[in-house]
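A quick write-up on the structure given underneath.
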Amino acid sequence: MRQVDPPPALVEMQRQFGEVLTMPFWFQDGKVRRQIGAYPPELVRRMVPRAQLTGRKRLAVYNRQYWYRILNTLQGDFPLLTALLTAYRFNQLATAYLGKFPSTHPSLQELAHGWNDFLSRESEWGQSLYRQAAELDTIYRKALRAEEVEAFNPALLSENDLEKLPQQPLRFQETFALFTEDWNLVECRLSLERTAKSEQSITPRYGRSHWAFYREASRHHWVKLTPVQFSLLSLLHSGETLEVALSRISDRSSEAELEELQGNIAAWFSQWVAWKWFAPNRI
Amino acid sequence: MGLRLPHYGHIFEYWPDVDFFEIISENFLGATGLPLARLHRILDRYRVVLHGVSLSIASTDPLDYDYLRQLKSLVRLTKAPYFTDHLCWTSAQGAHYHELLPLPFTEENARFIAKKAEIVQDYIDAPFGLENLSSYVAFADSEMNEWEFFNTVVRLSGCHYMLDINNVYVSSVNHDFAPTQYIDSLDFSRVLQCHIAGHTRNEDGTILDTHDQPIIDPVWKLYEYAWGRGGGFPTLLERDGNIPPFPEAHAEAMQAREFQIKAGHAAS
Chain A
1 MRQVDPPPAL VEMQRQFGEV LTMPFWFQDG KVRRQIGAYP PELVRRMVPR AQLTGRKRLA
61 VYNRQYWYRI LNTLQGDFPL LTALLTAYRF NQLATAYLGK FPSTHPSLQE LAHGWNDFLS
121 RESEWGQSLY RQAAELDTIY RKALRAEEVE AFNPALLSEN DLEKLPQQPL RFQETFALFT
181 EDWNLVECRL SLERTAKSEQ SITPRYGRSH WAFYREASRH HWVKLTPVQF SLLSLLHSGE
241 TLEVALSRIS DRSSEAELEE LQGNIAAWFS QWVAWKWFAP NRI
Chain B
1 MGLRLPHYGH IFEYWPDVDF FEIISENFLG ATGLPLARLH RILDRYRVVL HGVSLSIAST
61 DPLDYDYLRQ LKSLVRLTKA PYFTDHLCWT SAQGAHYHEL LPLPFTEENA RFIAKKAEIV
121 QDYIDAPFGL ENLSSYVAFA DSEMNEWEFF NTVVRLSGCH YMLDINNVYV SSVNHDFAPT
181 QYIDSLDFSR VLQCHIAGHT RNEDGTILDT HDQPIIDPVW KLYEYAWGRG GGFPTLLERD
241 GNIPPFPEAH AEAMQAREFQ IKAGHAAS
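So the protein sequences, as listed, match chains A and B. If you're matching positions, the first sequence starts at 1 in the numbering used here and goes up one per residue. If you're matching positions, the second sequence starts at 1 in the numbering used here and goes up one per residue.
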């Protein structure tokens, strides 16, 4: 691997410039201020002033541009969380996040790689509501980039393979995800998609629901699940076979739930297959 | 045209007559899922060229061969005749800043970048076009002006120019020089492609290369001037913010033909 030794003066300039770029803004009383007085003096001295612009003010353009791009990108990655927090508080959170997880990847698409990890560690921002909203936003992002393979088609299986199906783990499409919410976050996110950005303000209602999410080509869908459906799909999604999943559910379900399961399981699977939630190969 | 997300719907429905699309390399490096599926649909019908924003050729960090491997694969996949990125740095000391950043125009820096660019061009095994930057600061320790620096890097590296007309204009305002002087200095036989775009003027007079406004007349005039000096290069409209519907953006790009004709070198 061919490399080139860098000029030491350039190394030092880039270190100081990086300090300027990432200098966080002050968030106070609903206002945001730059800390241009804290820029490295040596770098400031090297800047050529222009008209009424001092070297410090010229550097501030980059400081502002850096945060503008980064915060916009993260707001785009987490639209629901942004709407819940307001852009101002979201930007505070994002600034704290970048202090712990600076970008180390060439693509902005990887900027949020440590987001959920960060939220789970931060008591100030890690409330369930925010964690769930971030998880939901992440489902969208991951599904977009996930590979959608040809759907599982039981009609192509031999009778023998069909018989063995309950003893084998089912493979799900990577564009599929399960989600449990304690507030009506799915509804909120769907309403955001229908609303102009300037009108986005939401107040979630408390109430537990289970959902399945899937993407098919460029369209995404949410399907509300009963607790029994969710338990079954969670076990299957975690790699359990149908046989094991059914046995576990039977052990812990009420009679009504068992009745629901036994009376509907064939129809459920038929629908889930039609929605292309499963992938072939490992079956 | 630059391939942008808001235009996919129109493109996939109407398959408009477009000479070529330029994609942002980083959006498709190691792409999977929907982005890759969309790229294949585009490749079925159009020629594609690659424009990167994170190669960071002027970074003092070592060349990132993981990135270069993926870039090379993308060049192969798209059959792009060349690839381009900026004469700038976007990362240092392991941190990525996602901004196109300036540096002092010194002989030492020019030689350093030229060596790296030569390695990159050899590794990717396709012509590499370096794009001139628009910048908002100037360094007191620069030993030459911007176009001398640009020319030195291109000459020493054996690479090519990705000439951004709007960036020449932006820098000429921000650093008080005559943009035609910049254009006059270039060897047009080494221009792979050119960019045209709009920009935003700050209250303090600084012009920012935002690609979110229509192209202004002085930039069109400079394009006409450049075409008169050495026209024949592919021309691309960059629009990254306030993106208008595809037909409107396409119509703006097609205005380039009028200026080509005015310059007396109609596109072949």
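Glycine included, each C-beta is placed from N, C-alpha and C at the ideal position.
Where does the unbroken alpha helix (DSSP H) through residue i begin, and where does it stop?
i: B:S59; result: No alpha helix (DSSP H) contains B:S59, which DSSP labels as neither H nor E.
i: A:T67; result: Position check: residue 67 of chain A holds Trp in this sequence, whereas Thr was assumed. First-last of the alpha helix (DSSP H) with A:W67: 55-77.
i: B:W147; result: 146-157
i: B:S73; result: 65-78
i: A:D137; result: 128-145
i: A:R189; result: 185-194
i: B:F259; result: 246-262
i: B:Q181; result: 179-184
Report the rounded CA-to-CA distance for residue i versus residue j, giving the unit in angstroms.
i: B:H98; j: B:E118; result: 23 Å
i: A:F90; j: B:A58; result: 33 Å
i: B:S91; j: B:Y182; result: 27 Å
i: B:R4; j: B:I23; result: 8 Å
i: B:S268; j: B:A226; result: Unreliable placement is indicated for B:S268, whose pLDDT of 44 sits below 50; no coordinate value is reported for it.
i: B:V18; j: B:Y46; result: 8 Å
i: A:R15; j: B:Q93; result: 7 Å
i: B:A266; j: B:Y82; result: In this prediction, B:A266 scores a pLDDT of 47, lower than 50, which makes its location untrustworthy; the coordinate-derived value is nonetheless stated afterwards. When rounded, the distance between both Cα atoms is 23 Å.
i: B:L43; j: A:L156; result: 32 Å
i: B:D204; j: B:D176; result: 15 Å
i: A:A94; j: A:F152; result: 40 Å
i: A:D117; j: A:L81; result: 15 Å
i: B:Q213; j: B:M1; result: 15 Å
i: B:E143; j: B:G198; result: 30 Å
i: B:E224; j: B:V137; result: 27 Å
i: A:I283; j: A:G114; result: Below a pLDDT of 50, predicted positions are generally treated as unreliable, and A:I283, at 42, falls in that range; no measurement from the model is reported.
i: A:F295; j: A:L71; result: A question about residue 295 of chain A goes unanswered here, because the residues of chain A that appear run from 1 up to 283.
By the three-class DSSP mapping on this structure, what secondary structure does residue i have?
i: B:I11; result: helix
i: A:Q92; result: helix
i: A:H113; result: coil
i: B:W227; result: helix
i: B:E26; result: helix
i: A:D5; result: coil
i: B:L137; result: Here residue 137 of chain B turns out to be Val, not Leu, going by the sequence shown. B:V137: coil per DSSP, three-state reduction.
i: A:T86; result: coil
i: A:K164; result: helix
i: B:F233; result: coil
i: A:P169; result: strand
i: A:E148; result: coil
i: A:N264; result: helix
i: A:S201; result: coil
i: A:V20; result: helix
i: A:Y39; result: coil
i: B:S91; result: strand
i: B:R45; result: helix
i: B:Y269; result: A question about residue 269 of chain B goes unanswered here, because the residues of chain B that appear run from 1 up to 268.
i: A:V294; result: Residue 294 of chain A is absent from the model: chain A starts at 1 and stops at 283.
i: A:F25; result: coil
i: A:S238; result: coil
i: B:I165; result: helix
Checking 9 Å against the spacing of the C-beta atoms, do residue i and residue j come in under that value?
i: B:Y169; j: B:L222; result: yes
i: A:L235; j: A:V244; result: yes
i: A:T73; j: B:H96; result: no
i: B:I149; j: B:L186; result: The identity of residue 149 of chain B in the sequence shown is Phe, whereas the question assumes Ile. It is not a contact, given that the beta carbons lie outside the stated cut-off.
i: B:L50; j: B:L71; result: yes
i: B:D184; j: B:R229; result: yes
i: A:A274; j: A:Q173; result: no
i: B:A37; j: A:A143; result: no
i: A:G83; j: A:I202; result: The amino acid at residue 83 of chain A is misidentified as Gly; the sequence shows Ala. The answer is yes: Cβ separation under 9 Å.
i: A:V11; j: B:T60; result: yes
i: B:P6; j: B:H250; result: no
i: A:V294; j: B:K115; result: This structure gives no information on residue 294 of chain A, because the portion of chain A shown stretches from 1 to 283.
i: A:Q109; j: B:E26; result: yes
Assuming residue i is part of the beta strand (DSSP E), what are its boundary residues?
i: A:V32; result: 31-33
i: A:K224; result: 219-225
i: B:E108; result: Looking at the DSSP string, B:E108 is not in any beta strand (DSSP E); the run it does join, the alpha helix (DSSP H), is 107-124.
i: B:L130; result: 128-131
i: B:F83; result: 83-86
Is there contact here, the stretch 215-234 of chain B with the stretch 190-200 of chain B, by at least three beta-carbon pairs under 8 Å? Touching, per the Cβ criterion.
Any chance the stretch 207-217 of chain A sits against the stretch 166-180 of chain A, with 3 or more Cβ pairs inside 8 Å? With the cut-off at 8 Å, the stretch 207-217 of chain A and the stretch 166-180 of chain A touch.
Is the stretch 57-69 of chain A close to the stretch 32-47 of chain A, with three or more CB pairs under 8 Å? The stretch 57-69 of chain A and the stretch 32-47 of chain A touch, with no fewer than 3 CB-CB distances between them shorter than 8 Å.
Contact between the stretch 130-142 of chain B and the stretch 78-90 of chain B (3+ Cβ pairs under 8 Å): Judged by Cβ distances under 8 Å, the stretch 130-142 of chain B makes contact with the stretch 78-90 of chain B, as three or more pairs qualify.
Validate contact between the stretch 61-76 of chain A and the stretch 202-218 of chain B using beta carbons, cut 8 Å, 3 pairs: Yes, the stretch 61-76 of chain A touches the stretch 202-218 of chain B.
Using 8 Å as the cut-off, can you tell me whether the stretch 17-28 of chain A makes contact with the stretch 92-106 of chain A, which would need three or more C-beta pairs spanning the two stretches below that distance? For the pair of segments examined, the stretch 17-28 of chain A was found to touch the stretch 92-106 of chain A: the number of CB pairs separated by less than 8 Å reaches three.
Is there contact between the stretch 154-169 of chain B and the stretch 106-124 of chain B, where contact requires at least three CB pairs shorter than 8 Å? Three or more beta-carbon pairs drawn from the stretch 154-169 of chain B and the stretch 106-124 of chain B are found closer than 8 Å, and the two stretches are therefore classed as touching.
Is the number of C-beta pairs between the stretch 126-138 of chain A and the stretch 151-165 of chain A that are closer than 8 Å three or more? No, the stretch 126-138 of chain A is not in contact with the stretch 151-165 of chain A.
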